[in-house]
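*Asks:* Note that this note's numbering numbers the sequence shown so that position 2 is 37, with each residue one more than the last. Glycine residues also receive a C-beta, built at the ideal position from the N, C-alpha and C atoms. One structure is given below, represented as structure tokens, and several questions about it will come after.
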Amino acid sequence: MIKKIAIYENNLGEITDLSANGFVRIYSKNNDKWSVEEETSVEIFNLDENILLNTLNLSEALNNCKVFVSKEIPDLIHEMLNNFGISIWKMEGKQNEILEYVSKKEEEEEEEIKFIITSKYNEKRRTIYPKEIGKKGYYILSLKEIQKHNTGTTTKQALRPFLNNNNFNELIVICSHIPNWLEPELKTQNLNYEFSKTGQNDYIILINHNN
């Protein structure tokens with residue numbers, strides 16, 4: 036059962052997009068009534084230049100709430116939050132109606148997932164590649180599926196060939212824990228890196244080249 040839903044709102048209490056500073060309000064349901072359990076103000080910087088910082092601010096404000104509603108959200112922030120296991124809804128309207136609708140649809144999806152999940156992760160090796168985002172040479176890769184399930188592929192098999200190929204400007208890695216082999220590898224290849232924790236089991240690793 037979905038008990039908590041976060042909504043991004045402006046200072047008038049309206050559901051808004053991430054183009055300006057606002058509030059993440061986490062609603063919880065008790066006795067069929069939704070109420071604000073937690074509120075955090077969020078400072079949004081230039082969306083084109085501070086995607087990582089904005090995502091970290093937003094992740095911290097969500098405080099492990101896994102359902103987020105906003106009027107609009109940039110594709111890259113959407114992608115990173117999605118890789119943290121956060122369900123994103125782009126909607127506008129009255130809070131109570133949206134909360135009930137999203138809650139119902141999330142519960143339906145949970146049931147579908149329970150029905151669909153089988154041993155597919157063990158049936159065959161799955162190849163996972165970084166995905167190019169935005170401008171050329173910028174990529175994102177989620178290791179969370181590998182770390183959560185037995186996919187037949189290790190984090191080293193998924194990431195090391197891409198690092199060795201050295202044909203990228205910047206790579207964002209999403210993971211549930213930092214692989215113990217990665218930091219020595221990055222040092223060996225003389226790459227810049229930055230580790231950021233965004234939740235209990237959520238990390239962002241930003242990798243780029245030394246100038």
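1) Determine the burial state of S70: buried for a count of at least 16 other Cβ atoms within 10 Å of its Cβ, exposed for fewer.
2) Residues in its own chain within less than 7 Å of I152 by CB, not counting five upstream and five downstream?
3) Which same chain residues end up closer than 7 Å to G57 when comparing Cβ atoms and leaving out the 5 residues on each side of it in sequence?
4) Which one of R60, L198, Q224 and I79 has the shortest CA to CA distance from S99?
5) Is it the case that the segment 88 to 97 contacts the segment 213 to 229, given that we only count it when at least three CB pairs across the two stretches are under 8 Å?
6) Measure the alpha-carbon distance for E218 versus N243 and round it to whole angstroms.
7) Could you check what DSSP says for S211 in three-state terms: helix, strand or coil?
8) According to DSSP, what are the bridge partners of L47?
9) Applying the criterion that 16 or more other CB atoms from any shown protein chain within 10 Å of the CB defines a buried residue, is L178 buried or exposed?
10) Let me know the secondary structure DSSP gives L111 once reduced to three states.
11) Under 8 Å Cβ to Cβ from Q235, same chain only, skipping five residues before and after it: list those, please.
*Replies:* On the basis of the supplied data:
1) Position 35 of the sequence shown, counted from the start, is the residue given in the question as residue 70. S70 should be labelled exposed.
2) Translated into positions along the sequence shown, residue 152 becomes position 117. For I152, the predicted structure reports a pLDDT of 44, less than 50, and the residue's modelled location is therefore unreliable. The matter cannot be settled from this model.
3) Within the sequence shown, residue 57 is the residue found at index 22, counting from 1. Closer than 7 Å at Cβ, skipping near neighbours: Y43, E44, N45, T51 and V77.
4) For the purposes of this step, residue 99 is identified with residue 64 of the sequence shown, where counting begins at 1. Rather than Ser, the amino acid found at residue 99 in this sequence is Asn. The residue with the shortest Cα to Cα distance from N99 is R60.
5) Under the 8 Å Cβ criterion, the segment 213 to 229 does not count as touching the segment 88 to 97, having fewer than three qualifying pairs.
6) Here residue 218 is taken as the residue at index 183 of the sequence shown, counted from 1. Here residue 243 is taken as the residue at index 208 of the sequence shown, counted from 1. E218 and N243: Cα-Cα distance of roughly 13 Å.
7) In the sequence shown, residue 211 corresponds to position 176, counting from 1. If DSSP states are grouped into helix, strand and coil, S211 belongs with coil.
8) Position 12 of the sequence shown, counting from 1, holds the residue named residue 47. Per DSSP, none; premise fails for L47.
9) Sequence index remark: in the sequence shown, residue 178 carries index 143 (1-based). Burial call: buried.
10) Walking along the sequence shown from the start, residue 111 turns up at place 76. Helix at L111.
11) Within the sequence shown, numbered from 1, the residue matching residue 235 stands at position 200. Within the same chain, Cβ atoms closer than 8 Å to the Cβ of Q235 are found at N99, the five residues on either side in sequence being excluded.
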